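In terms of the numbering used here, the sequence shown is residues 534 to 915. Note that beta-carbon positions come from the ideal geometry of N, C-alpha and C, so glycine has one too. Treat the numbers as computed from the prediction; the structure is a model and nothing was measured. Take a look at the structure set out below.
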Amino acid sequence: MKNMQGTETAGIGVSREKTIIRTSVIGIAANVLLAAFKAVIGLMSNSIAIVLDAVNNISDAGSSLITIVGTKLAGREPDKKHPFGYGRIEYLSAMIISVIVLYAGITSFVESVRQIIHPETPDYTTVSLIIVAVAVVVKILLGRYVKSVGVRVNSDSLINSGEDATLDSIISASTLVAAGIFLIFHVSLEAWLGAVISLVIIKSGIEMLKDTISQILGERNDPELARSIRHTVLEFPNVLGAYDLVLNNYGPDAWNGSIHIEVPDTCSASELDQLIRSIQTEVLRQHQVILTAIGVYSVNTKDAEIIEAQKKVREIVFAHEHVKQMHGFYLQKDEKAMRFDVVVSFDAEDRRAVYREAVADVQKAFPDYTLQVAMDTDFAEE
Numbered sequence: 534m535k536n537m538q539g540t541e542t543a544g545i546g547v548s549r550e551k552t553i554i555r556t557s558v559i560g561i562a563a564n565v566l567l568a569a570f571k572a573v574i575g576l577m578s579n580s581i582a583i584v585l586d587a588v589n590n591i592s593d594a595g596s597s598l599i600t601i602v603g604t605k606l607a608g609r610e611p612d613k614k615h616p617f618g619y620g621r622i623e624y625l626s627a628m629i630i631s632v633i634v635l636y637a638g639i640t641s642f643v644e645s646v647r648q649i650i651h652p653e654t655p656d657y658t659t660v661s662l663i664i665v666a667v668a669v670v671v672k673i674l675l676g677r678y679v680k681s682v683g684v685r686v687n688s689d690s691l692i693n694s695g696e697d698a699t700l701d702s703i704i705s706a707s708t709l710v711a712a713g714i715f716l717i718f719h720v721s722l723e724a725w726l727g728a729v730i731s732l733v734i735i736k737s738g739i740e741m742l743k744d745t746i747s748q749i750l751g752e753r754n755d756p757e758l759a760r761s762i763r764h765t766v767l768e769f770p771n772v773l774g775a776y777d778l779v780l781n782n783y784g785p786d787a788w789n790g791s792i793h794i795e796v797p798d799t800c801s802a803s804e805l806d807q808l809i810r811s812i813q814t815e816v817l818r819q820h821q822v823i824l825t826a827i828g829v830y831s832v833n834t835k836d837a838e839i840i841e842a843q844k845k846v847r848e849i850v851f852a853h854e855h856v857k858q859m860h861g862f863y864l865q866k867d868e869k870a871m872r873f874d875v876v877v878s879f880d881a882e883d884r885r886a887v888y889r890e891a892v893a894d895v896q897k898a899f900p901d902y903t904l905q906v907a908m909d910t911d912f913a914e915e
């Protein structure tokens, strides 16, 4: 299994890394060329909007360079200090790009306000406007391409870069609108339009930053991935239930996790060992998730009285609002002991209060039994 893990994850990682780097190089080349053309045009036509647009293209090239560096660093092999690898570096590079976008928006806004206070008359030429128009088309196509690749390979850095390129195309288009208004009505709106667009960029940068910080802090399990993994696990014979799935993200498409399964109390140790190994192998093959641990709940299957008691307990527990699951039930008649887990929704105003009330009601129904009840969490709760 270890060899298969290494081969599959390494192959996926190398292919993904090459795709991200290739896309970023295309972005760098396109932005450097656009920046050069726009800088010349902006200086020749005395257009602050076009000059700022050129500076923005340079920042985009820098963002692509950061994406490349971040991807290469994230692809480093795990070591003693970081046994789960360096994949989370990609989140840091995405955060840096967000800060660059935010800084570009603030800088543009400040410069636009300065131009509003001290306006300068632009001098457009037909050639300059044609080049800017071509730049708009290029940035639209580049933005859509980069973002689509980012979505396909699950790279927040590329997605952020693609969204930034789309915003740049709006900026470039706004300079054309401003130029048209100036040529027709002899009214310069460049600075005002630049201020509005700058606010849009600032808003986008803040949203990118919030999303990236949220990922670094640690978000809930991906509900769709969690459902798919549970479905795969439940397809195995002798697996009566799958619960407590916890997924830890160590970078885009780098997941480790653990899960509990319910199995009949008739399973032998050797059968459990083979079942657990088979589940780990299949989950890795289908979902590229390494299950580092699989816990086991034993389920009573031989005593009709105990099975009936379980049904009664379930009715009591699920009578409480916000209880989502009950699992891991096992009853020992000789010891007068009963154990199970209760999952309480995050929607409950007081989760512990719901848990205590449910346990108290079960205790009333089974006063002679010692209860061992854990309050559990559904980490993929929607």
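#1: Among the residues of its own chain, which have a CB less than 7 Å from the CB of Leu635, if the five just before and after it don't count?
#2: Could you check whether Val796 and Val829 sit closer than 9 Å to each other, using their CB atoms as the reference points?
#3: Between Leu726 and Ser747, which are expected to be in contact by the criterion C-beta below 8 Å, what is the C-beta distance as a whole number of angstroms?
#4: With three or more beta-carbon pairs closer than 8 Å as the criterion, would you say the region 716-730 touches the region 601-615?
#5: For Ser874, collect the residues of the same chain with a Cβ closer than 6 Å to its Cβ; drop the 5 residues on either side in sequence, then sort them by chain order.
#6: Do Ala787 and Gly683 have their C-beta atoms within less than 9 Å of each other?
#7: Once you ignore the five residues that flank Ala698 on each side, which residues in its own chain have a CB closer than 7 Å to its CB?
#8: Roughly how far, in whole angstroms, is the beta-carbon of Ile792 from the beta-carbon of Asp777, given that I think they are within contact range, below 8 Å?
#9: Please give the ranges of any beta strand (DSSP E) in the region 814-838, keeping only runs that are unbroken, at least 3 residues long and fully inside the region.
#10: Which of helix, strand or coil does DSSP assign to His853?
#11: If contact is defined by three or more beta carbon pairs under 8 Å, each pair taking one atom from either stretch, is the region 888-901 in contact with the region 834-854?
#12: Go ahead and pull the three-state DSSP assignment for Arg753.
#13: Measure the alpha-carbon distance for Tyr783 versus Ala886 and round it to whole angstroms.
#14: Given Thr658, which residues of its chain have a CB within under 6 Å of its CB, disregarding the five upstream and five downstream residues?
#15: Is it buried or exposed for Gln865, if we count other Cβ within 10 angstroms and need 16 for buried?
#16: What residue range does the beta strand (DSSP E) around Leu780 cover?
#17: How long is the line joining the alpha carbons of Ala668 and Thr765, rounded to whole angstroms?
#18: Let me confirm a value: Ala837 is counted as buried when at least 16 other C-beta atoms fall within 10 Å, else exposed. Which label applies?
#19: With a threshold of 16 other CB atoms inside 10 Å of the CB of Ser626, please say whether the residue is buried or exposed.
#20: Taking only three categories from DSSP, how would you classify Ser791?
#21: Measure the alpha-carbon distance for Arg810 versus Gln843 and round it to whole angstroms.
#22: If we call anything under 9 Å between Cβ atoms a contact, is Ile633 one with Ser661?
#23: When you compare each of Val584, Asp755, Ile554, Glu882 to Ala572 by their alpha carbons, which one comes out closest?
Here's the rundown:
#1: Excluding positions up to five away in sequence, the list reads Ile735, Gly738, Ile739, Leu742.
#2: It is a contact, given that the beta carbons lie within the stated cut-off.
#3: Your pair Leu726 and Ser747 does not check out as a contact, with CB atoms roughly 32 Å apart and the cut at 8 Å.
#4: Touching, no.
#5: Per the sequence shown, the amino acid found at residue 874 is Asp instead of Ser. These residues qualify, in order along the chain: His860, Gly861, Ala907, Asp909.
#6: Not closer than 9 Å, so no.
#7: The answer, listed in chain order, is Asp593, Lys672, Leu675, Gly676, Val679.
#8: Right, their Cβ atoms sit about 6 Å apart.
#9: The region 814-838 contains these whole beta strand (DSSP E) runs: 822-832.
#10: Per DSSP, reduced to three states, the secondary structure at His853 is coil, with no helix or strand assignment.
#11: Touching, yes.
#12: Arg753 falls in the coil class under three-state DSSP.
#13: Cα to Cα, the separation comes out at about 34 Å.
#14: Excluding positions up to five away in sequence, the list is empty.
#15: Under this definition Gln865 is an exposed residue.
#16: Run containing Leu780: 774-782, per the beta strand (DSSP E) assignment.
#17: Between the alpha carbons of Ala668 and Thr765 lies a distance of about 48 Å.
#18: Answer is exposed; the Cβ neighbour count stays below 16.
#19: Per the 10 Å Cβ criterion, buried.
#20: Three-state result, Ser791: strand.
#21: Their Cα atoms are separated by approximately 29 Å.
#22: In this structure, Ser661 does not lie closer than 9 Å to Ile633 by Cβ.
#23: With distances taken between Cα atoms, Ala572 lies closest to Val584.
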